[in-house]
Amino acid sequence: MDEPMIVRPEGLFCPAGGFFIDPRGRVDKALVTHAHSDHARPGHGRYLVSESCLPLLKLRLGQEIQAEGIAYGKVCKIGDAHVSFHRAGHILGSSQIRVEVGGRVWVVSGDYKPQPDRSCEAFELVKCDVFVSECTFGLPVYRWQKEGVIHQQINAWWQENVEAGRPSMLFAYSLGKAQRLLRGLDSSIGPIFAHGAVHPFLPVYEKYGVVFPKVQKPKEGSGEWAGSMIVAPPAVEDAGWTRRFKGASRGFASGWMAVRGARRRRNLDRGFVLSDHADWSGLLEVIEGTGAECVKLTHGNGEPLARYLQERGVDASMLDGSGERTGEE
Amino acid sequence: MARESVQEKSRGEQMKGFSELFHDLDEMTKTGERIARMVNYFEHAPKEDASWASWFLAGNRIKGVVKTGELREWASQRSGWPVWLIDECYERVGDLAETLSLLIGGNKEADPASLSEVVQGILLPLAHADRSEKAEALKRAWNRLRPMDLLPFHKLLTGGFRIGVSHGNLCKALAEVGQVDPAIIAQRISGDWDPGIRKFEQIVGEERPEDSWCRPFPFCLASPLQEEPNSLGDLKDWWAEWKWDGIRCQLLNEENGGLLWTRGDESVGESFPELLKLSPHLPAGLAIDGEILAWGPEGMRSFSRLQKRLGRKEPGPSVLKKEPVRFMAYDLLKMEGVDIRTLPFLDRRKRLESMLAELPGGFPLQLSMPVKSMDWDKLAKQREESRDRGVEGLMLKRRDSVYSTGRVMGGWYKWKVDPYVADMVVVAAQLGHGKRANIYSDYTLAVLDQQQELVTVAKAYSGLSDAELKEVDRYVRKNITGKFGPVRSVRPGIVFEVAFEGARSSGRHKSGVALRFPRIQRWRRDKKPEEVDTLENLLGYARMGERVMEDGAKTDDAGNLLLF
Numbered sequence: 000m001d002e003p004m005i006v007r008p009e010g011l012f013c014p015a016g017g018f019f020i021d022p023r024g025r026v027d028k029a030l031v032t033h034a035h036s037d038h039a040r041p042g043h044g045r046y047l048v049s050e051s052c053l054p055l056l057k058l059r060l061g062q063e064i065q066a067e068g069i070a071y072g073k074v075c076k077i078g079d080a081h082v083s084f085h086r087a088g089h090i091l092g093s094s095q096i097r098v099e100v101g102g103r104v105w106v107v108s109g110d111y112k113p114q115p116d117r118s119c120e121a122f123e124l125v126k127c128d129v130f131v132s133e134c135t136f137g138l139p140v141y142r143w144q145k146e147g148v149i150h151q152q153i154n155a156w157w158q159e160n161v162e163a164g165r166p167s168m169l170f171a172y173s174l175g176k177a178q179r180l181l182r183g184l185d186s187s188i189g190p191i192f193a194h195g196a197v198h199p200f201l202p203v204y205e206k207y208g209v210v211f212p213k214v215q216k217p218k219e220g221s222g223e224w225a226g227s228m229i230v231a232p233p234a235v236e237d238a239g240w241t242r243r244f245k246g247a248s249r250g251f252a253s254g255w256m257a258v259r260g261a262r263r264r265r266n267l268d269r270g271f272v273l274s275d276h277a278d279w280s281g282l283l284e285v286i287e288g289t290g291a292e293c294v295k296l297t298h299g300n301g302e303p304l305a306r307y308l309q310e311r312g313v314d315a316s317m318l319d320g321s322g323e324r325t326g327e328e
Numbered sequence: 000m001a002r003e004s005v006q007e008k009s010r011g012e013q014m015k016g017f018s019e020l021f022h023d024l025d026e027m028t029k030t031g032e033r034i035a036r037m038v039n040y041f042e043h044a045p046k047e048d049a050s051w052a053s054w055f056l057a058g059n060r061i062k063g064v065v066k067t068g069e070l071r072e073w074a075s076q077r078s079g080w081p082v083w084l085i086d087e088c089y090e091r092v093g094d095l096a097e098t099l100s101l102l103i104g105g106n107k108e109a110d111p112a113s114l115s116e117v118v119q120g121i122l123l124p125l126a127h128a129d130r131s132e133k134a135e136a137l138k139r140a141w142n143r144l145r146p147m148d149l150l151p152f153h154k155l156l157t158g159g160f161r162i163g164v165s166h167g168n169l170c171k172a173l174a175e176v177g178q179v180d181p182a183i184i185a186q187r188i189s190g191d192w193d194p195g196i197r198k199f200e201q202i203v204g205e206e207r208p209e210d211s212w213c214r215p216f217p218f219c220l221a222s223p224l225q226e227e228p229n230s231l232g233d234l235k236d237w238w239a240e241w242k243w244d245g246i247r248c249q250l251l252n253e254e255n256g257g258l259l260w261t262r263g264d265e266s267v268g269e270s271f272p273e274l275l276k277l278s279p280h281l282p283a284g285l286a287i288d289g290e291i292l293a294w295g296p297e298g299m300r301s302f303s304r305l306q307k308r309l310g311r312k313e314p315g316p317s318v319l320k321k322e323p324v325r326f327m328a329y330d331l332l333k334m335e336g337v338d339i340r341t342l343p344f345l346d347r348r349k350r351l352e353s354m355l356a357e358l359p360g361g362f363p364l365q366l367s368m369p370v371k372s373m374d375w376d377k378l379a380k381q382r383e384e385s386r387d388r389g390v391e392g393l394m395l396k397r398r399d400s401v402y403s404t405g406r407v408m409g410g411w412y413k414w415k416v417d418p419y420v421a422d423m424v425v426v427a428a429q430l431g432h433g434k435r436a437n438i439y440s441d442y443t444l445a446v447l448d449q450q451q452e453l454v455t456v457a458k459a460y461s462g463l464s465d466a467e468l469k470e471v472d473r474y475v476r477k478n479i480t481g482k483f484g485p486v487r488s489v490r491p492g493i494v495f496e497v498a499f500e501g502a503r504s505s506g507r508h509k510s511g512v513a514l515r516f517p518r519i520q521r522w523r524r525d526k527k528p529e530e531v532d533t534l535e536n537l538l539g540y541a542r543m544g545e546r547v548m549e550d551g552a553k554t555d556d557a558g559n560l561l562l563f
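Chains as they are written, first to last, in numbering that gives the first Met the number 0: chain A, 0 to 328; chain B, 0 to 563.
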């Protein structure tokens with residue numbers, strides 16, 4: 000049987016609709032699940048994304064790109080394919096893309112998490128025949144606690160640092176995780192600052208109903224940071240930018256922090272286990288929930304998950320052409 | 000009122016007291032903070048707990064509690080995940096104790112248990128239980144302990160208990176608690192002692208004569224000589240001798256027998272009975288520092304011969320005959336029960352000489368002789384004989400130096416010969432452990448044989464900066480060509496300059512050669528895989544006349560699991 004989606008060097012391709020999902024290289028029609036750089040790449044002819052993803056995509060790739068936003072759940076026809084976008088719960092505007100051709104249904108999940116997150120749309124389970132799932136955290140050692148618990152840990156750490164008279168530097172990816180963290184900070188503890196890379200996305204989040212405490216930009220060279228919370232992307236962890244926050248306690252919020260070695264390697268004072276991806280049980284729950292007869296895994300070291308699913312009678316395998324990934328979220 | 004609630008709290012959080020200590024030490028990055036944290040723990044913990052904590056932090060372990068295979072099986076039953084999946088997790092996490100803790104989860108509602116309760120109620124009984132009892136006991140433990148207790152518990156269970164506390168810092172903390180000299184603490188907590196019997200007061204209390212004889216003194220360590228030797232001043236102030244390539248040991252003697260202690264605080268007397276046979280001929284109240292060497296009728300043999308004796312308790316007559324050893328004595332620390340470590344080296348040396356002179360001949364005990372020279376230049380020439388003599392270089396000891404605890408600059412120096420160096424290419428990689436978990440940081444290295452084929456000769460994992468490690472990790476991930484268990488074969492492309500101390504024959508590597516102490520010196524970005532060294536070169540370094548295949552090394556081929 001002809002499948003709605005096939006793997007091409009550029010990525011997943013729909014022959015019936017002539018479009019790619021999250022492609023590499025340069026293609027004409029790109030459907031993009033979310034605005035992270037390993038999914039939304041520059042150089043394509045036209046982009047189709049969810050409505051709330053559109054402003055984020057333009058901030059990332061430039062206002063001049065040819066891009067359109069589509070409401071969640073609305074079905075459109077591209078060639079002979081019926082396409083709709085569904086909430087993925089990963090970051091604001093993130094989607095799973097449902098593609099139906101001749102009665103056969105694929106869902107390409109992009110990145111997703113079923114756990115509640117007050118900074119983005121809630122995950123929606125979509126039934127399908129073939130489910131293309133991420134598997135970033137595809138091992139049972141990855142188990143997430145409720146985000147409220149982690150927010151409490153972060154605020155408690157911040158409070159400790161205030162009492163010790165030192166700044167708190169919290170590293171997190173500038174799109175998605177940073178906003179999720181800012182959303183959970185208790186502004187009664189002290190002033191909140193964010194790196195310049197974080198700020199542009201805040202108005203977009205606010206437009207879609209996410210309420211932030213007051214977030215300032217740190218001014219050049221200005222002196223007193225004790226008691227402040229500074230949210231910054233990991234890219235500046237060792238850069239000159241962070242030097243002004245003398246004596247800061249350094250924390251990092253990521254699913255990778257579940258493993259001690261990851262925290263120690265980065266020489267961090269604290270690691271907070273907060274991820275925008277599904278944990279192991281989240282992956283299993285969603286995969287089972289889709290009712291898919293066939294599961295293709297991508298974006299991660301998915302062999303263990305594939306084998307586990309196979310042993311439970313699911314036709315699971317790695318999607319061709321996807322490599323190991325560790326660093327990004 | 001307030002006081003009562005504090006007591007209540009401390010009573011209620013005893014095991015947490017230790018768990019908290021463990022997690023805090025694990026997270027703290029500054030030495031001063033760590034020492035202060037330990038002092039705080041020792042001062043507040045119940046005394047039985049403090050004894051056990053000292054014992055564990057000193058690097059002791061309860062052996063044979065449970066086999067890791069069994070542990071994985073029961074963890075599998077408990078968690079519902081298949082054993083292979085637990086192994087995959089272990090590979091990712093790089094630490095079995097942590098893996099199990101993440102998978103088991105613990106009991107959030109459980110009451111705290113004290114450390115001694117955990118040790119005496121769970122760990123010690125486990126060591127004597129049969130298989131099914133063990134499985135049951137472990138299940139009970141998992142129901143009993145809270146999430147934060149699991150990692151320290153599993154660490155105690157699996158034996159590997161390292162949280163970045165050096166022996167010296169532990170001694171400092173205990174010394175502060177008891178207001179005693181760290182050297183006395185060091186002596187009290189080294190060697191074999193039972194924390195169930197020895198009270199914490201005895202560890203940190205005032206010195207008593209009876210608690211000393213059976214434990215070794217902390218070893219005096221030499222610093223590497225990094226300057227020109229004449230920076231040390233007049234050669235007349237220094238004593239030079241060969242740096243022996245054996246097992247550093249203290250030989251203790253008392254009326255009721257002798258003991259041999261390694262630097263790793265292991266008692267190895269059972270492996271070397273011919274040395275303990277010396278006991279009746281030696282005076283009581285004695286401690287000699289020296290080195291065990293493989294020594295045949297032809298003289299000193301290579302270190303690899305000594306490995307045939309290591310870890311083999313009560314060797315039979317044929318092994319004793321085929322692989323004889325002897326003790327090369329070079330310092331005297333205690334005589335007639337008196338600690339003479341603070342005497343000048345030369346005085347200690349003279350006493351050692353006169354004592355050994357009274358021994359009848361034919362014993363496997365001899366004096367390490369001085370290397371005499373007129374000046375530093377001539378000494379440097381003599382040092383060049385090191386490789387031919389099978390020694391690692393020279394030891395330089397200040398004639399007036401005391402026998403200090405640990406590595407104290409200025410007293411003893413090791414002036415080693417330069418290592419051999421060769422360029423090698425990475426052909427396989429494996430995820431590291433601990434700080435390097437989930438990073439491809441353990442490398443298998445190869446050189447070219449006569450057919451221009453790459454053959455593996457070593458595994459190494461040290462010597463790269465964090466940034467380089469990351470870069471190599473990225474390369475490995477992109478260039479994996481095969482998967483063999485945890486090992487990934489890698490397309491040859493990364494060339495390292497590797498330093499090593501020698502080569503010996505080994506069945507472990509395809510090449511038939513294994514290197515001693517290989518370590519990565521630098522990344523040769525300028526070299527291509529086809530430009531690496533040849534096996535012939537390495538064989539030349541190795542002076543390998545006898546190519547005996549060994550029957551499974553007692554240590555790994557990097558030599559890393561040796562007693563020191």
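Glycine residues also receive a C-beta, built at the ideal position from the N, C-alpha and C atoms.
Indicate whether residue i and residue j have their beta-carbon atoms separated by less than 8 Å.
i        : j        : result
Ser187/A : Lys213/A : no
Glu290/B : Trp243/B : yes
Leu224/B : Trp375/B : no
Ala459/B : Val486/B : no
Phe170/A : Ala231/A : yes
Arg103/A : Ser83/A  : no
Leu514/B : Val456/B : yes
Val74/A  : His81/A  : yes
Ser118/A : Gln65/A  : no
Arg528/B : Val424/B : Going by the sequence as given, residue 528/B is Pro instead of Arg. Yes, these two residues count as a Cβ contact at 8 Å.
Phe200/A : Ser227/A : no
Gly17/B  : Pro146/B : The question names Gly, yet the displayed sequence has Phe at residue 17/B. Result no, Cβ atoms of Phe17/B and Pro146/B do not sit closer than 8 Å.
Measure from the alpha carbon of residue i to the alpha carbon of each residue in the options, then state which is nearest.
i        : options                                : result
Gly92/A  : Val272/A, Gly208/A, Gly254/A           : Gly208/A
Gln114/A : Ala277/A, Leu318/A, Pro303/A, Leu308/A : Ala277/A
Asp338/B : Glu227/B, Leu114/B, Phe216/B           : Phe216/B
Gly484/B : Leu351/B, Ile61/B, Leu70/B, Arg91/B    : Arg91/B
His38/A  : Arg263/A, Asp27/A, Pro54/A, Phe19/A    : Phe19/A
Pro190/A : Arg165/A, Ala196/A, Arg179/A           : Arg165/A
Gly239/A : Trp255/A, Glu219/A, Ala225/A           : Glu219/A
Quick check: the Cα distance between residue i and residue j, rounded to an integer number of angstroms?
i        : j        : result
Glu206/B : Thr28/B  : 32 Å
Glu383/B : Ala421/B : 20 Å
Arg182/A : Ile153/A : 12 Å
Phe499/B : Ser270/B : 28 Å
Val446/B : Leu537/B : 9 Å
His153/B : Ala35/B  : 25 Å
Gly177/B : Gly31/B  : 18 Å
Leu70/B  : Leu137/B : 9 Å
Tyr89/B  : Arg77/B  : 16 Å
Quick one: what's got a C-beta closer than 6 Å to residue i's C-beta in the same chain, skipping five residues either side?
i        : result
Asn160/A : Ser167, Ser248
Arg2/B   : In this prediction, Arg2/B scores a pLDDT of 37, lower than 50, which makes its location untrustworthy; no coordinate-derived value is stated.
Ser440/B : Gly431, Tyr460, Leu468
Gly301/A : Cys134, Gly137, Met317
Gly329/A : There is no way to answer for residue 329/A, as the model of chain A reaches only from 0 to 328.
Could you give the C-beta distance for residue i and residue j, rounded to a whole number, given that I count them as a contact under 8 Å?
i        : j        : result
Gly299/A : Thr135/A : 4 Å
Leu275/B : Gly256/B : 7 Å
Leu11/A  : Glu87/B  : The Cβ separation is near 26 Å, so there is no contact.
Below 8 Å CB to CB, which residues in the same chain sit around residue i once its five sequence neighbours on both sides are set aside?
i        : result
Val454/B : Ala445, Val446, Leu447, Asp448, His508, Lys509, Ser510, Leu534
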